[in-house]
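In my numbering, the protein residues as written are 1183 to 1756. Positions of the beta carbon are idealized from the N, C-alpha and C atoms, including for glycine.
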RNA sequence: CGGGGCGUAGCGCAGGGGUAGCGCGCAUGGUUCGGGACCAUGAGGCCAUGAGUUCAAAUCUCAUCGCCCCGACCA
């Protein structure tokens, strides 16, 4: 490819609005162009990277025995009513009517399509297990997309669906998929990714894992045990809570605390520590029932966990409406309306001598005791893990990091086969719903996450396995007829030898050409100039390491092939 | 959906009732050229949209739309 005619221009300055490294660099290097919020055109270089990532994914899916299919983007309302998700999914799914007025949706995921396909083609356990996958555009009308390709509304995704006769069979396959995913990310060139236990959200099912690119730019908080390898998304992470000093004693009594409402204010007023308090955090359910969560003052509520207990999404609430005293809500002597949900976190269990709201304006209770004052309470885990907590498996102190979710795998169970009525005949003649797994990878998000991991202050840095081209051929002084002639010849030879090369055929100053090459991030740069030509050699620079060597022109092709081969093997066998 | 910010040339920005500006980029010619060179000439604008106010609106008012950031939300 000649750079002079490559669509997309390199920019000196970052376009207004981009703040994430990957977003800025993709724009500046001419890889993407925004069309609307969360909607982008991939220009040729980005599309080439995307296709290379897709190729790796295809190879690994095929190795798992996957069969590639293509589900429709547009589906009729009825298909989604079969699973119940036509109504359970809200604004995230785009709906429209076709010319006859029929309700249609844009596919944001394809469980329904996969089951629909299977139920019309599979009747017997003999036809199980199988896995189908596709690479396709998804549209999800995210309430808030951001960060370039990290969080978009339209994106290319690999989604796969497996069907099994038994849970054991799913377990076996799931384990294989788990390993295949690790290979995929390794081959894409991630050095710093991790697998965590994840939440199942609207997908349903029990077991799930999220593949996380570890980076500060990530939106997810991760909890990791450095000793035994326990790792989990904060949303579902568990821990042994930070010890509390169980100093019992003192008589329960009301104290005037006036305007002290927040935990900080109350602690300051009473000269105590947050871990000696019990706070209330309130929400309402989608049908406007009150939800009150009590937990030790130094912990924060985990809304994912609380949602599961409340069996509803949670919304902000005006507690006064429910007759509560904002700022003075306590876990003792509580009067709640019928139908309210109350949850007591495990951090309160066995807690002695604590402060909590008196459920009375301007008053708090002191010297409360869980064992003495709280009866018939079922303590549950509704708190986030925090600094100082230890691993439930090995007792080591947990560590925290951030990550971008670049893929996930789920054991769906029979959620969709049941709701849609897909059964197969079993060996004993009975019928049974197949058990499903599903497996997703965001292609563009993976592309952007690699950049977050590898790019430097000069620009993009592509791993050899997914680089849009392997070689950036950058002859200097193209006004020199000798250089131009050799450059043209070398480019021809490289192309003929099957080397993926981007040829900067522009007659521009060295500075522009060299900085452009660094911005675009191809792994190998080959510089030819009057000086090197005199020695019958070229200068070869590795983008990532900066390592620079001179190679005789006659050996260039074979050397380049060796370097590319080597690098790819190194990444894949790391 | 809440809070904040921004919409003027391909990109980055200035201007603030009366000829539309700067830098980069782009085009042509020339001189230079191994780290974003220089000179000359030139093209490129419905100043987001719509209604007002005014003799006169890019500028003031109101509304709408779009984009960014924070929050809510999220496989």
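For the beta strand (DSSP E) that contains residue i, what are its first and last residues?
i	result
residue 1414	1413-1415
residue 1390	1390-1396
residue 1539	1534-1542
residue 1218	1214-1218
residue 1285	1285-1288
residue 1726	Residue 1726 -> no beta strand (DSSP E), and no H or E assigned at all.
residue 1554	It is not in any beta strand (DSSP E) - residue 1554 instead sits in the alpha helix (DSSP H) that spans 1552-1555.
residue 1406	1402-1406
Could you say which of the options lies nearest to residue i if we only look at CA atoms?
i	options	result
residue 1724	1646, 1693, 1685, 1362	1646
residue 1534	1542, 1548, 1543, 1541	1548
residue 1180	1727, 1704, 1741, 1729	Missing from the structure shown is residue 1180; the chain here goes from 1183 to 1756 and no further.
residue 1747	1583, 1359, 1350, 1705	1705
residue 1620	1736, 1188, 1229, 1294	1294
residue 1437	1655, 1359, 1260, 1536	1536
residue 1272	1713, 1608, 1515, 1495	1495
residue 1318	1333, 1342, 1331	1342
residue 1575	1406, 1516, 1648	1406
residue 1193	1698, 1736, 1728	1698
residue 1487	1469, 1355, 1528	1528
residue 1421	1643, 1683, 1580	1580
Taking the continuous alpha helix (DSSP H) assigned at residue i, which residues delimit it?
i	result
residue 1127	Outside the displayed range of the chain (1183 to 1756) lies residue 1127, so it cannot be described from this structure.
residue 1203	1203-1210
residue 1236	1226-1245
residue 1355	1349-1370
residue 1694	1692-1702
residue 1668	1663-1678
residue 1267	1267-1270
residue 1373	Premise fails: residue 1373 is in no alpha helix (DSSP H) and is neither H nor E.
When you compare the CB positions of residue i and residue j, do they come within less than 8 angstroms of one another, or not?
i	j	result
residue 1552	residue 1539	no
residue 1391	residue 1591	yes
residue 1586	residue 1397	yes
residue 1525	residue 1456	no
residue 1310	residue 1346	yes
residue 1445	residue 1491	no
residue 1711	residue 1666	no
residue 1473	residue 1459	no
residue 1191	residue 1212	yes
residue 1275	residue 1256	no
residue 1358	residue 1246	yes
residue 1366	residue 1238	yes
residue 1290	residue 1622	no
residue 1203	residue 1637	yes
residue 1372	residue 1632	yes
residue 1402	residue 1584	yes
residue 1644	residue 1682	no
residue 1439	residue 1546	yes
Give me the DSSP bridge partner(s) of residue i.
i	result
residue 1721	1709, 1732
residue 1319	1338
residue 1258	1286
residue 1525	1475
residue 1657	1710
residue 1572	1422, 1579
residue 1294	Bridge partners of residue 1294: none, in fact.
residue 1194	Its beta-bridge partners do not exist; DSSP assigns none.
Is any heavy atom in the ligand FAD found nearer than 7 angstroms to the beta carbon of residue i?
i	result
residue 1399	No copy of the ligand FAD occurs in the structure displayed, which carries no ligand at all.
Complete alpha helix (DSSP H) runs within the stretch 1580-1652 (minimum length 4 residues, chain order)
Whole alpha helix (DSSP H) segments, 4+ residues: 1597-1602, 1625-1636.
In chain order, which beta strand (DSSP E) runs of at least 3 residues are fully inside the stretch 1432-1517?
Counting only runs of 3 or more, we get 1435-1438, 1459-1466, 1472-1478.
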